[in-house]
Ligand code: GLN
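Numbering (the numbering used here), first residue to last: 386 to 841.
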């Protein structure tokens with residue numbers, strides 16, 4: 386049953402939202418004890434389900450990535466440093482979900498502040514989520530809890546998630562679900578805890594493309610509280626259009642280092658469709674470097690506010706301010722948070738800023754131009770979503786940080802450039818899902834959704 390069908394039944398009285406919410410929490414807790422998809426359950430959800438608006442999401446269980454603020458529900462962006470922080474307001478996307486009668490069931494597991502591709506970079510003392518198809522493998526990151534839960538749940542459910550450099554596409558791919566990352570500026574970032582402001586986007590994960598369309602339609606749109614929100618009316622994603630698409634597949638994305646089955650499944654998924662090959666040499670050569678320089682530079686300033694004074698963790702006040710906040714940060718930030726703060730601070734230091742940060746911004750502009758040149762000729766550009774199937778934890782343990790960052794080769798391009806993209810299941814390899822990435826020009830979400838429908 387997809388979300389629209391669920392809502393129809395709830396509205397007609399066939400499904401009782403309160404009972405369903407209780408059942409969903411019970412089922413989720415059972416799953417969670419084995420798979421670790423939630424950081425926090427909303428115990429008030431059944432009570433809240435009593436007073437729902439009869440909107441387009443009436444009674445539907447909605448999970449929320451931990452970095453997106455939900456009023457009164459502990460929100461930590463997956464990090465120990467924010468333990469105890471309960472937002473006093475809802476993020477804009479959450480306001481919209483609630484206004485349509487969606488039930489917030491809990492906060493899902495993620496890499497600290499979104500720092501990762503496998504969801505193994507969890508906060509100090511937190512558990513690593515496991516792949517729904519094979520517990521010895523990763524869910525993908527950073528939104529591992531969201532993707533795992535969407536796949537594992539037998540009851541209708543959608544997940545609100547976030548991507549800076551691929552955090553929706555990667556876990557959606559490894560867990561075999563749909564993951565939509567909208568154009569930068571399409572969905573308000575108000576109430577999203579920043580990783581890298583110039584690239585953060587709120588999106589959605591679901592088992593069905595129609596659920597993606599419905600939720601995207603609801604959360605999109607202008608918001609004056611986010612200065613980068615675009616003043617464009619939200620489109621009717623739920624209305625299907627029969628279009629013909631001019632499709633291109635990126636040559637570099639089918640090259641060395643990409644698993645055979647991933648390539649095979651992608652071509653098979655495109656089926657009889659006509660497509661041409663295009664090249665994105667700059668994106669595939671410099672995308673990772675530019676992405677990590679920009680994202681870590683922004684992250685290092687964004688994380689400066691977590692000093693044990695305003696949000697989350699507090700310790701006994703001792704020593705001067707520097708001693709106090711260094712103590713809190715040393716104790717509560719994980720290794721990956723520290724690594725990224727140090728790298729990002731370095732890249733922004735006077736003397737290095739022009740060589741690293743400013744240069745990376747120039748590369749980003751060039752990358753946008755490189756895609757744009759193809760969007761003049763094609764509606765849709767396709768690559769695999771990830772070059773591989775979900776790796777085993779034992780394989781991840783052996784990766785260096787650089788090898789780890791390289792895994793984002795498919796996703797950093799559209800994320801750096803702010804293009805909308807959808808990860809959709811393309812088949813299986815060794816019992817594990819593979820995924821394909823559908824990319825379009827800015828604000829062309831509708832094209833992506835219609836294209837995905839045509840491949841179903
Ligand atoms: N893997 C990327 C990173 O670690 C993407 C993270 C994200 O999109 N939040 O930065």
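Even glycine gets a Cβ: it sits at the ideal position worked out from N, Cα and C. All values derive from a computational prediction rather than experimental measurement.
Cβ-based neighbour list, residue i, same chain, cut-off 7 Å, excluding 5 preceding and 5 following
i, result
"residue 790", "673, 677"
"residue 484", "438, 440"
"residue 594", "563, 834, 837, 838, 841"
"residue 579", "585, 687"
"residue 825", "764, 765, 804, 805, 832, 833"
Candidates the options: closest to residue i by CA position
i, options, result
"residue 845", "495, 494, 480", "Lying before the first or after the last residue shown, residue 845 is absent from the chain, which here runs from 386 to 841."
"residue 644", "795, 778, 838, 670", "795"
"residue 689", "670, 701, 711", "711"
"residue 600", "552, 724, 591", "591"
"residue 581", "805, 801, 545, 812", "801"
"residue 660", "610, 768, 738, 624", "768"
"residue 703", "713, 695, 543, 696", "713"
"residue 763", "443, 664, 751", "664"
"residue 493", "606, 448, 639", "448"
"residue 609", "758, 521, 571", "571"
"residue 628", "838, 386, 403", "838"
"residue 753", "798, 784, 744", "798"
"residue 408", "825, 761, 434", "434"
"residue 686", "524, 722, 478, 654", "722"
"residue 828", "568, 388, 814, 419", "568"
"residue 840", "773, 777, 826, 765", "765"
"residue 774", "701, 559, 603, 431", "559"
"residue 486", "386, 653, 531, 603", "603"
"residue 552", "653, 701, 671, 504", "504"
Residues near residue i by beta carbon distance below 6 Å, same chain, minus five either side
i, result
"residue 818", "561, 810"
"residue 848", "In the structure displayed, the chain extends from 386 to 841; residue 848 sits before or after that span and is not available."
"residue 518", "817"
"residue 834", "598, 622"
"residue 459", "425, 471"
"residue 613", "570"
"residue 515", "420"
"residue 777", "521, 522"
"residue 469", "697"
For residue i, the first and last residue of its enclosing alpha helix (DSSP H)
i, result
"residue 845", "An answer regarding residue 845 cannot be provided, because it is not within the stretch 386 to 841 covered by the chain."
"residue 601", "594–604"
"residue 797", "797–802"
"residue 493", "Unbroken run through residue 493 is the beta strand (DSSP E), 488–493; no alpha helix (DSSP H)."
"residue 410", "402–420"
"residue 712", "706–717"
"residue 424", "Counting along the chain, residue 424 falls outside any alpha helix (DSSP H), though it belongs to the beta strand (DSSP E) covering 423–426."
"residue 778", "778–783"
"residue 791", "786–791"
"residue 610", "Segment: none, residue 610 is in no alpha helix (DSSP H) and carries neither H nor E."
"residue 460", "No alpha helix (DSSP H) holds residue 460; DSSP gives it neither H nor E."
"residue 646", "645–655"
"residue 730", "720–733"
"residue 682", "666–687"
Enclosing beta strand (DSSP E) for residue i [first to last residue]
i, result
"residue 806", "806–814"
"residue 563", "563–566"
"residue 528", "Note, residue 528: premise wrong, no beta strand (DSSP E); not H, not E."
"residue 754", "Unbroken run through residue 754 is the alpha helix (DSSP H), 744–760; no beta strand (DSSP E)."
"residue 818", "817–824"
"residue 547", "543–548"
"residue 662", "660–663"
"residue 769", "765–769"
"residue 591", "586–591"
"residue 450", "446–450"
"residue 635", "632–635"
"residue 540", "Run containing residue 540: none; DSSP gives neither H nor E here."
Same chain, Cβ closer than 8 Å to residue i, five either side skipped, listed in chain order
i, result
"residue 625", "835, 838"
"residue 400", "391, 394, 444"
"residue 455", "427, 449, 472, 475, 476, 479, 489, 492"
"residue 520", "419, 420"
"residue 500", "506, 527, 580, 684, 721, 722, 725"
Which residues count as close to the ligand GLN when the rule is a CB under 6 Å from any of its heavy atoms, in chain order?
-> 499, 500, 501, 502, 527, 548, 549, 550, 551, 552, 580, 680, 793
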